[in-house]
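Residue 93 in numbering that gives the first Met the number 0 sits at position 94 of the sequence shown, and the numbers go up by one each step. Beta carbons are placed, not taken as given, at the ideal position from N, Cα and C, and that holds for glycine. Only a predicted model underlies this, so the values are computations on that prediction, with no experimental measurement involved. Notes for the one structure printed next.
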Amino acid sequence: MAVLRTALHGRLLQALPFSFGSLRLASSFKAADLVIERNAACKQKPDPSTLVFGKQFSDHMLTINWSEKDGWQAPQIKPFQNLSLHPASSALHYSIELFEGMKAFRGVDNHVRLFRPMLNMERMHRSAERSCLPVIPLSSNYGPTIAVQSEAVKRGCQQVLWLYGEQEEITEVGTMNLFIYWTNENGEKELFTPPLDGIILPGVTRQSLLDLSRSWGEFKVTERTMGMPELLGALDSGRVLEVFGAGTACVVCPVGSLLYRGTTYQVPTIQNGLAKRFHKELTDIQYGRKSSEWAPVVV
Numbered sequence: 000m001a002v003l004r005t006a007l008h009g010r011l012l013q014a015l016p017f018s019f020g021s022l023r024l025a026s027s028f029k030a031a032d033l034v035i036e037r038n039a040a041c042k043q044k045p046d047p048s049t050l051v052f053g054k055q056f057s058d059h060m061l062t063i064n065w066s067e068k069d070g071w072q073a074p075q076i077k078p079f080q081n082l083s084l085h086p087a088s089s090a091l092h093y094s095i096e097l098f099e100g101m102k103a104f105r106g107v108d109n110h111v112r113l114f115r116p117m118l119n120m121e122r123m124h125r126s127a128e129r130s131c132l133p134v135i136p137l138s139s140n141y142g143p144t145i146a147v148q149s150e151a152v153k154r155g156c157q158q159v160l161w162l163y164g165e166q167e168e169i170t171e172v173g174t175m176n177l178f179i180y181w182t183n184e185n186g187e188k189e190l191f192t193p194p195l196d197g198i199i200l201p202g203v204t205r206q207s208l209l210d211l212s213r214s215w216g217e218f219k220v221t222e223r224t225m226g227m228p229e230l231l232g233a234l235d236s237g238r239v240l241e242v243f244g245a246g247t248a249c250v251v252c253p254v255g256s257l258l259y260r261g262t263t264y265q266v267p268t269i270q271n272g273l274a275k276r277f278h279k280e281l282t283d284i285q286y287g288r289k290s291s292e293w294a295p296v297v298v
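Here you go:
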C-alpha cells in the first residue's frame with residue numbers, strides 16, 4: 000500500500016505502509032480492585048497560563064499489568080515514573096503498542112468532565128484487537144509520519160495532507176481528520192470528510208462534528224472519497240468556503256493555504272465561519288458551559 004502525503008502549505012511526499020494482525024481477547028479488571036499509592040512529593044501546580052500541550056504531567060499514573068496466563072491484574076494508581084521495558088519487548092522491535100488520546104476538562108463550574116469517553120474506549124478496543132493486544136492501550140499510527148512531517152517543516156510547511164493511491168484521494172491532515180465546507184456542483188452547501196474505510200482514523204472529534212452538523216440540518220453532510228483534482232477544481236472555481244482539521248489536541252484548526260506540486264492555492268478563512276462555530280460548540284460542552292451527555296461529570 001503506497002500512501003502519498005501533500006503538505007498544507009507543503010509538497011508531495013511519500014510514506015511507509017503498515018498492517019495489523021489477528022484478534023485476541025482477554026479477561027477484564029475491576030475498579031473495585033484499584034490499589035492507590037500516593038506520591039509523597041507532589042510537584043507545585045504550574046500557572047495555567049504557562050501550560051504547553053504535552054509538557055506537564057500528573058503526579059500519578061495508572062498501570063494495569065497483563066499476562067497470557069493470568070489476564071489483567073489489579074489496576075494501580077502510583078507515583079508518576081518511567082516505564083521499565085525488557086530489551087526484547089515487541090513494542091520496541093515491531094511497534095506492537097497502542098496509543099489512545101482522551102481529554103478531561105475542568106469546567107466553569109469547577110467539575111471535571113471527560114469528552115465522549117465511550118467513543119475513545121470503543122476505538123481503543125478496535126485498535127487492540129487489530130494489533131493482537133489484549134483488549135484495552137498504537138503509537139505506530141503516528142510513528143511512520145514523523146520523518147515526513149520533519150521534511151515538510153524543513154520546506155516551510157506546517158502540516159502534511161495525506162493522499163492515497165493513484166487518484167490521490169484525500170485522507171487526513173497531519174494527525175487530524177480533514178473537513179471541507181464548500182458549495183458542491185449542484186449549488187448546495189456541503190460539509191465533506193473522507194469515509195472510514197480502514198485508512199481514516201475514526202476520530203472522536205470527527206464524529207462529534209458530523210453529529211453536530213446532522214443535528215443542525217442546515218447543510219448537506221457527506222462522507223465519501225475525493226481526489227486532489229476535484230479539490231483543486233473547486234479551489235480554482237471559488238467553491239471552497241473553508242478547510243479545517245479536527246482532532247483531540249487542536250479541536251478544530253483552519254487551513255489558510257495549500258501548496259501542491261509547486262502551486263499555492265489560497266483557502267478562504269472566515270472570521271466567524273463554520274470552523275469557529277464548531278470550536279465554540281465543542282469547547283462549550285467540554286468546559287461545562289453547555290450541558291451535554293457527551294461530557295459526563297467525573298469529579
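### Task
Return the bridge partner residues of residue 105 from the DSSP annotation.
111
#### Entry: Straight-line gap, residue 82 to residue 161 (C-alpha atoms, nearest Å)
33 Å
### Task
Evaluate residue 269 with the Cβ neighbour count: other Cβ atoms within 10 Å of its Cβ, from every protein chain shown; 16 or more gives buried, anything less gives exposed.
exposed
### Query
Closest by CA to residue 202, which one among 51, 27, 247?
247
### Query
Which two residues bound the contiguous alpha helix (DSSP H) that contains residue 60?
Counting along the chain, residue 60 falls outside any alpha helix (DSSP H), though it belongs to the beta strand (DSSP E) covering 59-62.
### Euclidean distance between Cα positions of residue 213 and residue 190
10 Å
### Query
Considering only residues of the region 134-188, which uninterrupted alpha helix (DSSP H) runs meet the minimum length of 4 residues and lie entirely inside it, listed in chain order?
145-153
### Residue closest to residue 242, alpha-carbon to alpha-carbon, out of 192, 43, 63
192
### Task
Kindly list the residues whose CB is nearer than 6 Å to the CB of residue 173, restricted to its own chain and excluding five residues on each side of it in sequence; keep chain order.
158, 159
### Task
With a threshold of 16 other CB atoms inside 10 Å of the CB of residue 130, please say whether the residue is buried or exposed.
buried
### Query
residue 28 and residue 90: beta carbons closer than 8 Å?
no
### Query
Start and end of the beta strand (DSSP E) containing residue 203?
Segment 203-215 is the alpha helix (DSSP H) holding residue 203; no beta strand (DSSP E) there.
### Query
What is the DSSP secondary structure of residue 24, reduced to helix, strand or coil?
Legend: pLDDT at residue 24 = 38, less than 50; position of this residue unreliable, value from coordinates given subsequently. If DSSP states are grouped into helix, strand and coil, residue 24 belongs with coil.
### Message
When you compare the CB positions of residue 176 and residue 245, do they come within less than 8 Å of one another, or not?
### Response
yes
### Query
Between the C-alpha atoms of residue 53 and residue 186, what's the straight-line distance to the nearest angstrom?
43 Å
### Query
Among 56, 63, 204, 47, which one has its Cα closest to the Cα of residue 34?
63
### Task
Can you tell me which of the three DSSP states residue 75 falls into?
strand
### Message
If I follow the unbroken beta strand (DSSP E) through residue 273, where does it start and stop?
### Response
Note, residue 273: premise wrong, no beta strand (DSSP E); alpha helix (DSSP H) at 273-285.
### Query
In the DSSP assignment, what are the bridge partners of residue 243?
178, 253
#### Entry: Simplified DSSP assignment, three categories, for residue 66
strand
### Task
Using beta-carbon positions only, say whether residue 180 and residue 230 come within less than 8 Å of one another.
no
### Message
Among 102, 38, 49, 111, whose alpha-carbon lies nearest the alpha-carbon of residue 80?
### Response
38
### Task
Keeping to the same chain, check which residues put their C-beta closer than 6 Å to that of residue 183; ignore five residues upstream and five downstream.
189
#### Entry: Exposure of residue 250, with buried meaning 16 or more beta-carbon neighbours within 10 Å
buried
### Task
Locate the beta strand (DSSP E) running through residue 222, then write down its first and last residues.
219-222
### Message
On a Cα-Cα basis, can you pick out the residue from 44, 223, 264 that is closest to residue 169?
### Response
223
### Task
Please say whether residue 121 and residue 77 have beta carbons closer to each other than 8 Å?
no
### Message
Using the Cβ count rule (16 or more neighbours within 10 Å means buried), how would you classify residue 133?
### Response
buried
### Task
Taking only the alpha-carbon atoms, compute the straight-line gap between residue 22 and residue 49 and give it to the nearest angstrom.
Residue confidence is low: residue 22 scores 34 on pLDDT, short of 50, so the model does not pin down where it sits. Its coordinate-derived value is still stated next. Each residue's Cα considered, the two are about 43 Å apart.
#### Entry: Three-state secondary structure (DSSP) of residue 226
strand
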